[in-house]
Amino acid sequence: MTALPPPRRVVTGFDDETGLGKVAYDEPVKMNPIPGGPNSAAIVWATEELLADVQTKKDGSLLKLPGIVNPNGSVMKYIDLAPSSSLNLHYTTSIDYGVVLTGEATLELDDGSMTVMKAGDSLVENGTVHAWHNKTTEWTRLLFVLLPAKPVLIDGKPLQGHHRA
Numbered sequence: 104m105t106a107l108p109p110p111r112r113v114v115t116g117f118d119d120e121t122g123l124g125k126v127a128y129d130e131p132v133k134m135n136p137i138p139g140g141p142n143s144a145a146i147v148w149a150t151e152e153l154l155a156d157v158q159t160k161k162d163g164s165l166l167k168l169p170g171i172v173n174p175n176g177s178v179m180k181y182i183d184l185a186p187s188s189s190l191n192l193h194y195t196t197s198i199d200y201g202v203v204l205t206g207e208a209t210l211e212l213d214d215g216s217m218t219v220m221k222a223g224d225s226l227v228e229n230g231t232v233h234a235w236h237n238k239t240t241e242w243t244r245l246l247f248v249l250l251p252a253k254p255v256l257i258d259g260k261p262l263q264g265h266h267r268a
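Below you can see the structure in the form of structure tokens.
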């Protein structure tokens, strides 16, 4: 399990009686082990639709998702990478907005390129086949927002050949 302190989520909502804004949730986020390794992840919030119901009474972190991406809504998640660990090559049918919050992560693409990203760096991941590596001796925390996208077509055929997350 991660050696980093738990991240905190603050979620706003509306007071039913006054219509004024209020803090609906203010709590630590529980990081959960990713099967097959020392890394962990947590969903901060997810929506059921892309035109989200911002007055929902449902806790978006508890929505049952069909996979990493919600094909009809959004997903915000943390990923903690242990020292000297990796997440294997994979792709999703999504556009992912990511930020390295702490530490350093190396983005690998299927063309073999490696891009080192440090705390504060951002990424727009356009459905490519990619992997993450933490080549350091310290834990790394990433934050992503995933939105569904059209399938990637190569020569008119859907992207294939790698693990689809």
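Using the working numbering, the letters of the sequence shown correspond one by one to residues 104 to 268.
Ideal placement from N, C-alpha and C gives every residue a C-beta, glycine not left out.
From a predicted model like this one, the values you see are computed outputs, not experimental measurements.
Distance CB(residue i)-CB(residue j) smaller than 8 Å
i    : j    : result
T196 : S177 : no
K180 : V147 : yes
W226 : M220 : The question names Trp, but residue 226 in the sequence shown is Leu. Contact: yes.
N173 : P261 : no
L210 : N175 : no
G223 : V255 : no
W235 : L190 : yes
Cutoff 8 Å; reference residue i; Cβ partners in own chain excluding five residues on either side
i    : result
T243 : D183, L184, V203, T205, G206, E207, A208 and N237
N135 : S143, A144 and A145
H233 : L192, H193, Y194, L210, E211, L212 and D213
A127 : V114, T115 and G116
E130 : R111 and R112
Q158 : G116 and F117
Whole-number beta carbon distance between residue j and residue i, since they are thought to touch under 8 Å
i    : j    : result
L249 : D213 : Not quite, the Cβ-Cβ distance comes to about 19 Å (not below 8 Å), so this is no contact.
Own chain residues within Cβ distance below 6 Å of residue i, not counting five before or after
i    : result
L246 : Y181, V202 and L204
P110 : V132 and Y181
D118 : K125
A106 : W242
Opposing strand residues paired with residue i [DSSP bridges]
i    : result
N135 : A144
P251 : S197
I257 : K260
L212 : H233
Same chain, Cβ closer than 7 Å to residue i, five either side skipped, listed in chain order
i    : result
P141 : A185 and S188
T239 : P186, G206 and E207
L161 : Per the sequence shown, the amino acid found at residue 161 is Lys instead of Leu. Here the set comprises nothing.
G163 : W148, A149 and T150
Heavy atom of the ligand NAP within 7 Å of residue i beta-carbon
i    : result
M179 : For the structure depicted, the ligand NAP is absent and the ligand set is empty, with no information on it obtainable.
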